[in-house]
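In my numbering, the protein residues as written are 73 to 488. Ideal Cβ placement from N, Cα and C applies to all residues, glycine included. Bear in mind that the values here come from a model prediction, so they are computed numbers and not experimental data.
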Ligand SMILES: *Cc1c(COP(=O)(O)O)cnc(C)c1O
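Next comes the structure, spelled out in C-alpha cells:
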C-alpha cells in the first residue's frame, strides 16, 4: 500500500488484534478468503436491482456471484428465499419492519436493558420514530418469560412480535413462541407477524446446534460478521414468496441503493465455509469454551449467568464491586477486550452498567482451547480483584497465551 499513513494504522490494529484476547461476543475473525473477496474489484460495479433484473448493464458475473450467495444462504439455513444485500444487521431490520408493517404499527420486543438491540425500539434509533414499541421482559431467573409474553400479546395486540437478542445467554424456544402466536391469532383473529433477529446466534443455527428460527418465524434477519464469521453485513430470510417480494422491494429501492457486490461475494465465501462439517466442530468448540470460562468464573465465586450459547454475563458490581465500565477498562489494560453490558434489573446507567458480556466466538476462531478458556477466567478474576497493578502485570501472560494461537491475518477455514 502506497499510503503509508493508512498502512501504518492498519498494521498497528493487526498487532493489537493478534496480541489481545478478543472476548466481545459480537466480534469474530473472517478468513483470508473472505477478506480477499471483500477487497476484490467487484466493489467497482453498480448493480441496483436483483439478479436478472438490474438497472445497469454489465452485470453477468455480478448476477452469478449474487445468485451463488443466495443459494448458499438458502442451503445453510434450510429456507426458501434469501436477500443478501443488506449492508448491516440494522439495515436488515429496517427493511424487515418496512416489508411487514405500516408506519406507526405496534411492535412487541424485549426490554432493551434485558438484551435487546438498538433497532428493537431504542429512543435513539430510527425504530422508535417509525414504530410504536412495547416490551416484554425476563422472569426472576433472567430467562424469557413465555407466559408473560402470551399475556402481553393479548394486552397490547401488537402487529409484530420480535425475538432474537444481543445479550441473552440462554436457548430461545422459537417453537413455543410460534405456538403462542398461533393460539393468539386464532383466538383474536388478529394478524401478528413473527420476526426473529438471529444476529448473534446465526452461527449456532447454521451448525444445527439450536432451533432454527426459519422453521417458525415469518421473517428472519441476521448479521453475517458475528458467529457466521463472514464480512460485515446483513441478510434477510423467509419461506413465504409473498413476503420475499416485499422484502426485496424494501431493501432496494426503499432503504438502500447499489448493493455491495464485493461484500456479497465475501458472504458467499463465508456461507461456503459455514456449510462445512468443520464449521460444526468450530461452533461446538465455541460453546464448550464459553461454558468452560463461565463455569470457572462461577467456581471462583463470581456472580455469572449460566450459558447455552457463545456468550454469558457477569455481574461485576456484585462480584467485584466494580461497574461494567470500570471492569472493561481494567481488563483492557491487560489487552483483554470485553464490553460493559446492562444486566436484568440493572440499577446503573447504560454508560456505567453492572455487567460485562463475554463471548468466545472470536477467540475460538484463533484456536483458543478449553484449557485456555479456563486460564482466561483466572486472568479475568485476578485482574478484577487486583486492580490496575495486577492488570499491568498480567498483560505479558495475555500476550504469551495469544502467541500460541493462529495469527488473524493468516486464518483459513476451507480445506485445500
Ligand atoms: C449486532 C446486532 C444487530 C446489528 O448489526 P449491525 O450490523 O451492527 O447493524 C442487530 N440485531 C442484533 C440482535 C444484534 O446483535
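So the candidates are the options; which of them puts its Cα closest to the Cα of residue i?
{"i": "residue 505", "options": "256, 345, 235 and 479", "result": "The question about residue 505 has no answer, for the chain in this structure spans 73 to 488."}
{"i": "residue 135", "options": "122, 458 and 127", "result": "122"}
{"i": "residue 21", "options": "429, 281, 403 and 350", "result": "An answer regarding residue 21 cannot be provided, because it is not within the stretch 73 to 488 covered by the chain."}
{"i": "residue 91", "options": "471, 477, 270 and 481", "result": "471"}
{"i": "residue 69", "options": "188, 199 and 487", "result": "No answer is possible for residue 69: it lies beyond the span of the chain, which begins at 73 and ends at 488."}
{"i": "residue 157", "options": "120, 106, 225 and 288", "result": "120"}
{"i": "residue 265", "options": "225, 435, 172 and 184", "result": "172"}
{"i": "residue 491", "options": "398, 361, 104 and 220", "result": "Summary: the structure shown does not reach residue 491, with the chain confined to residues 73 through 488, and so no result is reported for it."}
{"i": "residue 419", "options": "342, 87, 457 and 394", "result": "394"}
{"i": "residue 216", "options": "460, 440 and 235", "result": "235"}
{"i": "residue 373", "options": "82, 205, 452 and 403", "result": "452"}
{"i": "residue 402", "options": "488, 342 and 467", "result": "467"}
{"i": "residue 44", "options": "232, 276, 475 and 333", "result": "For the chain, the structure presents residues 73 to 488; residue 44 sits outside this window and is missing."}
{"i": "residue 299", "options": "207, 153, 210 and 339", "result": "339"}
{"i": "residue 276", "options": "341, 149 and 320", "result": "149"}
{"i": "residue 205", "options": "213, 221, 230 and 223", "result": "230"}
{"i": "residue 225", "options": "335, 201, 212 and 182", "result": "182"}
{"i": "residue 348", "options": "252, 147 and 128", "result": "147"}
{"i": "residue 322", "options": "163, 233 and 397", "result": "163"}
Return the first residue and the last residue of the alpha helix (DSSP H) that residue i is part of.
{"i": "residue 91", "result": "76-91"}
{"i": "residue 437", "result": "433-437"}
{"i": "residue 59", "result": "The first residue shown for the chain is 73 and the last is 488, placing residue 59 beyond what the model contains."}
{"i": "residue 193", "result": "That residue, residue 193, is in no alpha helix (DSSP H); it is neither H nor E in DSSP."}
{"i": "residue 275", "result": "274-278"}
{"i": "residue 361", "result": "349-371"}
{"i": "residue 489", "result": "Outside the shown range of the chain, which is 73 to 488, sits residue 489, and nothing can be said about it."}
{"i": "residue 343", "result": "333-346"}
{"i": "residue 166", "result": "161-172"}
{"i": "residue 252", "result": "246-260"}
{"i": "residue 107", "result": "104-110"}
Give the DSSP bridge partners of residue i, in chain order.
{"i": "residue 408", "result": "93"}
{"i": "residue 283", "result": "None, per the DSSP bridge assignment."}
{"i": "residue 310", "result": "153"}
{"i": "residue 430", "result": "384"}
{"i": "residue 295", "result": "306"}
{"i": "residue 265", "result": "232"}
{"i": "residue 205", "result": "179"}
{"i": "residue 100", "result": "Per DSSP, none; premise fails for residue 100."}
{"i": "residue 122", "result": "125"}
The beta strand (DSSP E) that contains residue i, what's its start and end?
{"i": "residue 181", "result": "178-182"}
{"i": "residue 450", "result": "Element bounds for residue 450: not the beta strand (DSSP E) but the alpha helix (DSSP H), 442-458."}
{"i": "residue 235", "result": "232-235"}
{"i": "residue 424", "result": "No beta strand (DSSP E) holds residue 424; DSSP gives it neither H nor E."}
Indicate, with yes or no, if ligand 1 has a heavy atom lying under 7 Å from the CB of residue i.
{"i": "residue 342", "result": "no"}
{"i": "residue 392", "result": "no"}
{"i": "residue 208", "result": "no"}
{"i": "residue 367", "result": "no"}
{"i": "residue 160", "result": "yes"}
{"i": "residue 165", "result": "yes"}
{"i": "residue 103", "result": "no"}
{"i": "residue 169", "result": "no"}
{"i": "residue 203", "result": "no"}
{"i": "residue 299", "result": "no"}
{"i": "residue 474", "result": "no"}
{"i": "residue 242", "result": "no"}
{"i": "residue 306", "result": "yes"}
{"i": "residue 130", "result": "no"}
{"i": "residue 214", "result": "no"}
{"i": "residue 272", "result": "yes"}
{"i": "residue 439", "result": "no"}
{"i": "residue 236", "result": "yes"}
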